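Residue numbers (this note's numbering): 521 to 627. A virtual CB, placed ideally from N, CA and C, is assigned to each residue, including glycine. No experiment lies behind these values; they were computed from the predicted model shown. So the structure is just underneath, and the comments pick up after that.
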Amino acid sequence: MSGPGYGVSPERLKAHADQVSDLADRIRGAASAANQVGLGGFQGYGLLCAVPVGGVLQLAQGDADELMTSAANLGDALSDALRKAATDYTKIDDDAAGLSRDLGKKL
């Protein structure tokens, strides 16, 4: 027993890939901006707290930078995969249509 099936729109997949790619670019831009701004120094924490607080904040900033870079790279990979899926769906549909036309000519 088969179900009603499903339809895939390659155009919508490509549009979604563009949105994911745009998000990856914005994440990458945010990571770049965060690296340029930095923490602005640790003088505001006072002489006693500047060293431990500064160290912890630097660790957190490094982790956040790595996380944002990984998220941007994941977005790039996902958008590439979506574009490939759209191309594959189009090719499969075109191939099936060609086979159907060929069969129709032989009948």
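- Between Ser-599 and Ser-541, the gap from beta carbon to beta carbon is short of 8 Å.
- Take the alpha-carbon of Ala-605 and the one of Ala-553: they are about 33 Å apart.
- In this structure, the straight-line span from the alpha carbon of Lys-534 to that of Tyr-526 is close to 18 Å.
- For the options Asp-538, Leu-602 and Asn-555, the alpha carbon positioned closest to that of Val-528 is the one of Leu-602.
- In the assembly as shown, Ile-612 is an exposed residue. Its beta-carbon has fewer than 16 other beta-carbons within 10 Å.
- When the five nearest sequence neighbours on each side are left out, the beta carbons in the same chain lying within less than 7 Å of the beta carbon of Pro-530 are those of Ala-606, Tyr-609 and Thr-610, in order along the chain.
- Distance from the CA of Asn-593 to the CA of Asp-615, rounded to the nearest whole angstrom, comes to 33 Å.
- Put simply, of Asp-596, Asn-555 and Leu-543 the residue whose alpha carbon is nearest the alpha carbon of Glu-586 is Asn-555.
- If you ignore the 5 residues before and after Leu-543, its C-beta comes within less than 8 Å of the C-beta of Gly-595, all in its own chain and listed in chain order.
- Between Met-588 and Ala-550, the CB-CB gap stays under 8 Å.
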